[in-house]
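According to this note's numbering, numbering within the sequence shown proceeds without interruption in unit steps and concludes at 312. Take a look at the structure set out below.
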Amino acid sequence: MATLTLKEFADLFGIDPATMPKACVDLINKGTWGYSAYPTAERDQIILDFLRRIRDRHFSFVTDGDKKRWIEGWGENLKGFKDSGNVDALLPRYIRPNMPVRLYGDFVKTEDPYFEKHWYEVFREWMFLTYFKGFDHIFEFGCGSGFNVARLAEMYPKSTVHGLDWAEPSVEIVENLRTVKGLKTQGHHFDFFNPDYSLDIPPNSLVFTVGALEQTGTNNAKFLEFLMAKKPALVFHAEPTYDWYDPNNLVDHLAITAHDLRNFWRGYHENLNKLKEQGKVEILKTKRAYFGSLVLEGYSQTIWRPL
Ligand SMILES: C[S@@+](CC[C@H](N)C(=O)[O-])C[C@H]1O[C@@H](n2cnc3c(N)ncnc32)[C@H](O)[C@@H]1O
Numbered sequence: 006m007a008t009l010t011l012k013e014f015a016d017l018f019g020i021d022p023a024t025m026p027k028a029c030v031d032l033i034n035k036g037t038w039g040y041s042a043y044p045t046a047e048r049d050q051i052i053l054d055f056l057r058r059i060r061d062r063h064f065s066f067v068t069d070g071d072k073k074r075w076i077e078g079w080g081e082n083l084k085g086f087k088d089s090g091n092v093d094a095l096l097p098r099y100i101r102p103n104m105p106v107r108l109y110g111d112f113v114k115t116e117d118p119y120f121e122k123h124w125y126e127v128f129r130e131w132m133f134l135t136y137f138k139g140f141d142h143i144f145e146f147g148c149g150s151g152f153n154v155a156r157l158a159e160m161y162p163k164s165t166v167h168g169l170d171w172a173e174p175s176v177e178i179v180e181n182l183r184t185v186k187g188l189k190t191q192g193h194h195f196d197f198f199n200p201d202y203s204l205d206i207p208p209n210s211l212v213f214t215v216g217a218l219e220q221t222g223t224n225n226a227k228f229l230e231f232l233m234a235k236k237p238a239l240v241f242h243a244e245p246t247y248d249w250y251d252p253n254n255l256v257d258h259l260a261i262t263a264h265d266l267r268n269f270w271r272g273y274h275e276n277l278n279k280l281k282e283q284g285k286v287e288i289l290k291t292k293r294a295y296f297g298s299l300v301l302e303g304y305s306q307t308i309w310r311p312l
């Protein structure tokens, strides 16, 4: 059985292992990172099931007005949080145990049933510790259950951490983090399809998204225009990125098909690259995740800033 070591984590994050924060090294040392290739019959079964889902179009499809399922999902987290007063209740419920994960362009079987969840904890800690320090304001667009907002507000108590979403329970959770838990947070209603220009993004602000712009299909140019107008100091996207899969790799090819069937975001990088050619943005880093869930690689990095 192979194991993800500090070296592989650094490679997946696109960094020198020596720069990995100690908190992340500790999480890596604590975790169970064994994984192995699937025996042929099992791998075939995973691919066959995937192909059946494709044939039956058994995927949720993103449409512009479809916020009902988010209101329901985050409503459950809001209730759990209100009942328990505990931020652990904010953990999103869509990371399921004992699922195949994708790693370096293949499906692998993991020793830890919660491998993806624990991998994401290291990634998130690394992302927040490495890039999010020293900003007066941090904005998460599409903040969902607010668990990133809660973590950041604990990590950087001097920063104001804003959580924005079009689903009302998300906004309420972020407001509750301030009123109930005393964290320096602010919730705002925000729709990627109709950005609210009255929202103030002060100087020295960081904007980020995690698995949220993925939900915008081909309708994300308005949000990019909004960011260009508001000029945050830094923008960090951790999102599945359509353009970076290899169409000649079977496992990637399945992800591309799933992106298409789910109407996941496309076109943003093309627009961002045009802005780069026009000298209007600086792209500081792009990094394909090479890690993800059964369906896609959700953690590819795009770090940039408007000039
Ligand atoms: C997969 S969840 C990710 C949530 C959170 N960022 C996380 O890491 O758990 C996608 C989020 O995007 C939000 N979203 C989807 N479409 C949106 C839109 N048009 N405007 C604002 N938020 C949207 C959903 O309500 C949901 O909270």
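The C-beta atom is built at its ideal place from N, Cα and C for all residues, glycine as well. Owing to the predicted nature of the structure, the values given are computational and were not obtained by experimental measurement.
What does DSSP give as the partner residues of residue 12 in its beta bridges?
Answer is none; residue 12 lacks a bridge partner.
In three-state DSSP terms, what is residue 37?
In this structure, residue 37 counts as coil in the three-state DSSP scheme.
Going along the chain, which residues of its own chain have a beta-carbon closer than 7 Å to the beta-carbon of residue 124, five neighbours each way excluded?
Same-chain partners within the cutoff: 296.
Taking contact to mean 3 or more Cβ pairs, one atom from each stretch, closer than 8 Å, check whether the region 83-98 and the region 146-154 are in contact.
Counting Cβ pairs under 8 Å, three or more are found: they touch.
Does at least one heavy atom of ligand 1 sit under 7 Å from the Cβ of residue 215?
Result yes, Cβ under 7 Å from ligand 1.
With which residues is residue 272 paired in a DSSP beta bridge?
Looking at the DSSP assignment, residue 272 forms no beta bridge with any residue, so it has no partner.
Counting C-beta neighbours from all protein chains within 10 Å, is the total for residue 268 16 or more, i.e. buried, or is it exposed?
Under this definition residue 268 is a buried residue.
Since residue 239 and residue 293 should fall inside the 8 Å C-beta cutoff, what is the C-beta to C-beta distance between them, to a whole number of angstroms?
So it is not a contact: roughly 20 Å between Cβ atoms.
Skipping 5 residues on each side, what residues in its chain have a beta carbon closer than 7 Å to that of residue 182?
These residues qualify, in order along the chain: 151, 154, 155, 158, 188 and 190.
Quick one: is residue 225 buried, meaning 16 or more other Cβ sit within 10 Å of its Cβ, or exposed?
It counts as buried.
For residue 250, collect the residues of the same chain with a Cβ closer than 7 Å to its Cβ; drop the 5 residues on either side in sequence, then sort them by chain order.
So the list reads 257, 260 and 261, once near-sequence residues are dropped.
Residues in its own chain within less than 7 Å of residue 162 by CB, not counting five upstream and five downstream?
Cβ neighbours of residue 162 beyond the five flanking positions: 189.
Got a sec? Which residues, its chain only, sit under 8 Å from residue 227 by beta carbon, not counting five neighbours each side?
Here the set comprises 197, 198, 199 and 200.
Below 8 Å between beta carbons: does that hold for residue 118 and residue 51?
Their beta carbons are not under 8 Å apart, which means residue 118 does not touch residue 51 by this criterion.
Cβ of residue 72 within 7 Å of any heavy atom in ligand 1?
Within the cutoff, so yes.
Please check if any C-beta of chain C sits within less than 8 Å of the C-beta of residue 190.
Judged by its chain identifiers, the structure shown contains no chain C, having just a single protein chain.
Within 8 Å, do at least three Cβ pairs link the region 67-82 to the region 163-174?
Segments in contact, yes.
Given 7 Å as the limit, tell me if residue 253 has its C-beta closer than that to any heavy atom belonging to ligand 1.
No, ligand 1 has no heavy atom inside 7 Å of this Cβ.
Can you find the residues in the same chain that come closer than 8 Å, C-beta to C-beta, to residue 29, ignoring five residues on each side of it along the sequence?
So the list reads 14, 127, 130, 131 and 134, once near-sequence residues are dropped.
With DSSP run on the structure shown, which of helix, strand or coil describes residue 297?
Here residue 297 sits in strand by DSSP.
Below 8 Å CB to CB, which residues in the same chain sit around residue 287 once its five sequence neighbours on both sides are set aside?
Answer for residue 287: 281, 309, 310 and 312, listed in chain order.
Using a Cβ-Cβ cutoff of less than 8 Å, which residues in the same chain neighbour residue 40 once the five nearest sequence positions on both sides are dropped?
6, 7, 8, 9, 106, 108, 113, 114, 115, 116 and 120, listed in sequence order.
Relative to the alpha-carbon of residue 301, which residue among 219, 232, 275 and 192 has its alpha-carbon at the smallest distance?
It is 219.
Could you tell me which uninterrupted alpha helix (DSSP H) segments, each at least 4 residues in length, are contained entirely in the region 137-177, listed from first to last along the chain?
Complete alpha helix (DSSP H) runs here, min 4: 152-160.
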